[in-house]
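Heads up: the structure comes next, in C-alpha cells.
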Amino acid sequence: MTSSFLLMTFAICTLIIAVGPSELLRIGAIDVDGHFTFKPSDLASVSSDFGMLKSPEEPLAVLHPSSAEDVARLIRTAYGSATAFPVSARGHGHSINGQASTGRNGVVVEMSHRNIGTPEPLVEPEEMYVDVWGGELWVDVLKKTLEHGLAPKSWTDYLYLSVGGTLSNAGISGQAFHHGPQISNVLELDVVTGRGEVMRCSEEENTRLFHGVLGGLGQFGIITRARISLEPAPQRVRWIRVLYSSFEVFTEDQEYLISMHGQSKFDYVEGFVIVDEGLVNNWRSSFFSPRNPVKISSVSSNGSVLYCLEITKNYHESESDTVDQEVEILMKKLNFIPTSVFTTDLQYVDFLDRVHKAELKLRSKNLWEVPHPWLNLFVPKSRISDFDKGVFKGILGNKTSGPILIYPMNKDKWDERSSAVTPDEEVFYLVALLRSALSDGEETQKLEYLKDQNRRILEFCEQAKINVKQYLPHHATQEEWVAHYGDKWDQFRSMKAEFDPRHILATGQKIFQNPSLALFRPSSSSSSASW
Ligand code: FAD
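Under mature numbering (1 follows the signal peptide of the UniProt record, and there is no 0), read the sequence shown as residues -18 to -1, 1 to 513, first letter to last.
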C-alpha cells in the first residue's frame, strides 16, 4: 500500500516536471505568423490583472497572434497534447479575479497587442456595422467609426476594455436600458473553439455557438472577430446630475426613465450612491468640481445616504436651440431635490471617454495600480429597497473607498439565448461596488476589510433571500457555478462538452477543471469540485 502510494507520487511528480519543458518545445514548434514570447518580462506582464487580488502567476508562454489561424494553431496543439494545456485569451487584463490567466502551465494569448497582420476595424457605412479584431479596444473602435459619423450603440463606462473581453461578459452602461448590453448589439462572430476550429457564427449560422459565446466567459471559444451594429453618432451630450435623499423616489424616477418609449427620452440612465460625507474620494465625482462645486452639507441629507441620478441627452449641433427645452420637459417629470441640478455639456467622444480622465488622475497619484476588490451584482427590482436598507444604509457604514453605481435595466433587451445570467424579473438593477484598497489607509480602506465587507454583502443577500446574480462573476466551487447558471447550467455544460471538450479555454474563470491543472490540485470526482 505504502510503496504503491510512493510510486504513484513519484510518477505524478515526474509528470509535473515534464509538463513544462515538453510543452514548451511543442509550443515553440508551432508555426505562427505572429510570435510566441518566453521572456520573463513578457510573462510577468500577463501574470496579474486590474484586480491585483491574486499573487502573480506567470504562464509558460505568451502568444501575440497575427490572425485567427495563429490562435487556432495554438489551440489545436493544446487540444492534441497529452496534458491539454490551458489557453486563455487576455483582452486588456481588466478582470478582477484572474479570469484571463492560465496558471503556470498554460499559454496566454495577448489579444489587445497590435501585431503586424491583426486587422484594423473595417466600417461598412451602408450596412451600419463595423468588423473588429477580438482584441480591439472599444476606444479604438469608437475613433474608427467616428470617421464615418457612426458609433456603436451600447457601451461600457470605460473604453480601454477589449471587444472580446466585454462580449464574454455582457458589456453594460447607461445605454443598456434602451439598446440592451453590448452582447445584444452583435451581428456576427468568428470564434476559435476549444478544438481549434475557426467557426463563423450569427443568428443564421452556428446559432448555438453564437449565443453561447456571448456572455460565455470565454468558455467555448476565443472571439477573433466581431461585427458590431452602429448608429449615427451624436455630436454633443447634455450631461445632468441630480440628487435625492429618498431611495424610493430615486428608484421610482430611474424606473420611470427606463420605461419611456418613443423619441423623447434620455439616452443614458445611471446613478450612484453617496455614503461618504464628501464626494472627494469618488473618482466618478470630478464632474462636480472645480467649476461646479458641491458640498453635500448644502443638500439636506441629515448625514444619511444620498443618491445621485445621472442622465444624458445626446444631440446634433443643429439641435442646440431645442435641446434645452427638450431636457426641461423631460426633467419636469422627475422628483429630485430642486437645488441639486448639475449640468454640463460636452462632445460625445469626451462623454464616452470620461472614466479615462479619472484614470489619468488616479495614475498620477499612484492610486490606479492598487488592489480592487470589486463586487458587481444584478439585484431584482422587487428587492432593491431591501438591498438599500441592508447594504447602503447598513453594512457599508459611512465609508466606501470608491464609487457605488446603481442603475436599472430592462430584461427584454437581453437575449435569453445568450450565456449571460440575470435575475428573473422584468427590471433589475446593476449595483457596482467599485472599491480600491490602500495598504497605508484607514482600516476601512484595507483590502481584508473590503473583502470581508463583500462577503458580508453576499451573505446578507443569501439570508434575506434576495436572488442576486453576480456580474463579472467569481465563484469558488462548481456547486456555486451551477447555482449561478440555474436553468442555463445544463445548456452551458453541454456547450462546453461540444466546443471545448478538453477544458482548455479560459480556465482562470474556474468553472470547469482543466486536466493539466488537476495534476497540481487534488481533484474531486463530485460535481461540486472545490477550487
Ligand atoms: P480580460 O480581463 O482580459 O478578459 C476577461 C475574460 O474574457 C477572461 O476570461 C478572458 O479569457 C476572456 N476573453 C478575453 N478576450 C477574449 C476573446 N477575444 N474571446 C473570448 N474570451 C476572451 N464592464 C462593463 O460591462 N461595464 C462597465 O462600465 C465596465 N467598466 C469597467 C471599468 C474599469 C476601470 C474596469 C477595470 C473594468 C470595467 N468593466 C466594465 C469590466 C470589464 O468588462 C471586464 O473587466 C471585462 O473582462 C473586459 O476586460 P478585458 O477586455 O480587459 O478582458
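Yeah, the Cβ is synthetic: ideal placement off N, Cα and C, and Gly gets one too.
Here the structure is a predicted model, which means the values were calculated and not measured.
Checking the 7 Å criterion, the Cβ of Ser401 is out of range of every heavy atom belonging to the ligand FAD.
The straight-line gap separating the alpha-carbon atoms of Arg345 and Gly62 is approximately 43 Å.
Residue state for Trp396 is assigned as coil, using DSSP reduced to three classes. A heavy atom of the ligand FAD is found nearer than 7 Å to the CB of Ser70.
The three-state secondary structure of Glu237, taken from DSSP, is helix. Distance from the CA atom of Gln307 to the CA atom of Glu252, rounded to whole angstroms, is 22 Å. Checking the 7 Å criterion, the Cβ of Ile319 is out of range of every heavy atom belonging to the ligand FAD. Note that the C-beta distance between Gly73 and Ala66 is not below 8 Å. Taking the C-beta atoms as reference points, Lys395 is found nearer than 8 Å to His161.
Its chain contains Phe18, Arg55, Leu56, Thr59 as the residues whose beta carbon lies nearer than 8 Å to that of Ile12, once the 5 sequence neighbours on both sides are disregarded; these appear in chain order.
Here Trp221 carries a strand assignment [DSSP, helix/strand/coil].
The straight-line gap separating the alpha-carbon atoms of Asp370 and Tyr289 is approximately 11 Å. Inter-residue distance for Val331 and Phe410 is about 28 Å (C-alpha atoms, whole angstroms). In the DSSP assignment, Ser476 falls within the unbroken alpha helix (DSSP H) covering 471 to 481.
The beta carbons of Tyr297 and Leu359 sit no closer together than 8 Å. Between Ala26 and the set Ile448, Arg86, Arg96, the nearest pair of CA atoms involves Arg86.
Cβ neighbours of Arg438 within its own chain (closer than 7 Å, five residues either side excluded): Ile377. Counting only residues of its own chain and dropping the five nearest sequence neighbours on each side, His193 has a CB closer than 6 Å to the CB of Arg399, Ser400. For Val195, the CB contacts under 8 Å within the same chain, skipping 5 residues up- and downstream, are Leu149, Ser150, Leu171, Val173, Cys183, Phe202, Gly203, Ile205, Ser401 in chain order. If you compare the alpha carbons of Lys314, Ser383, Phe159, Ser30 with that of Asn392, the shortest gap goes to Phe159.
Note that the C-beta distance between Thr100 and Trp115 is below 8 Å. Taken through DSSP and simplified to helix, strand or coil, Tyr289 comes out as strand. A Cβ-Cβ distance of about 7 Å is found for the pair Leu328 and Arg218, placing them in contact under the 8 Å criterion.
Secondary structure at Pro163: coil, using DSSP grouped into helix, strand and coil. Secondary structure note for Pro134: its beta strand (DSSP E) is the uninterrupted segment 132 to 134. In this structure, Val403 and Lys478 do not form a Cβ contact; the two beta carbons are roughly 15 Å apart against a cut-off of 8 Å.
A buried status is given to Phe232, since no fewer than 16 other beta-carbon atoms sit within 10 Å of its beta-carbon. Around the CB of Ile388, 16 or more other CB atoms lie within 10 Å, so the residue is classed as buried. A distance criterion of 7 Å places the beta-carbon of Gln81 in contact range of the ligand FAD, judged by its closest non-hydrogen atom.
The closest heavy atom of the ligand FAD lies less than 7 Å from the beta carbon of Ile204. As a beta-bridge residue in DSSP terms, Glu213 pairs with Ala133. Gly490 sits close to Ser70, with the two beta carbons spaced by under 8 Å.
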